[in-house]
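S.K.: Just remember that our numbering sits 1034 ahead of the position in the sequence shown, which is counted from 1. Got a structure here, written out as structure tokens. Questions coming.
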Amino acid sequence: QAQEFISRYKDTFDHEVEERSSNFSGGQKQRLSIARGVVGKPKILILDDSTSALDAKSEKLVQEALEKELKDTTTFIIAEKIV
1035 QAQEFISRYK DTFDHEVEER SSNFSGGQKQ RLSIARGVVG KPKILILDDS
1085 TSALDAKSEK LVQEALEKEL KDTTTFIIAE KIV
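Right under this line is the structure:
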């Protein structure tokens, strides 16, 4: 899900992250953090309030991607959203 906005930058994955990630929105920061956690194919992944800044559509896309990419990973997702 991070590639969606990263591909908009001319230098894509080499795009500089400014201090405090001020050049990214809250949702973009969260998607980057999730991507960093997933890229190493961990055996266990704990996501604590990792989608709080995402809208419902983006959150669903992230959840679907996690299910697809982490079939062999034990995943704990902690969220405070009330449905």
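Beta carbons: idealized from backbone N, C-alpha and C, even for Gly.
#1: In whole angstroms, what is the alpha-carbon distance linking Ala-1069 and Arg-1042?
#2: Once you ignore the five residues that flank Lys-1077 on each side, which residues in its own chain have a CB closer than 7 angstroms to its CB?
#3: For Val-1051 and Asp-1082, I'd like the C-alpha separation in whole angstroms.
#4: Which runs of the beta strand (DSSP E), 3 residues or longer, sit entirely within the segment 1035 to 1113?
#5: Sorted by chain position, which residues of the same chain lie with C-beta nearer than 6 angstroms to Ile-1111's C-beta, five sequence neighbours on each side aside?
M.R.: Reading from the atomic positions:
#1: 17 angstroms
#2: Thr-1107, Thr-1108
#3: 22 angstroms
#4: 1078 to 1082, 1108 to 1112
#5: Leu-1081
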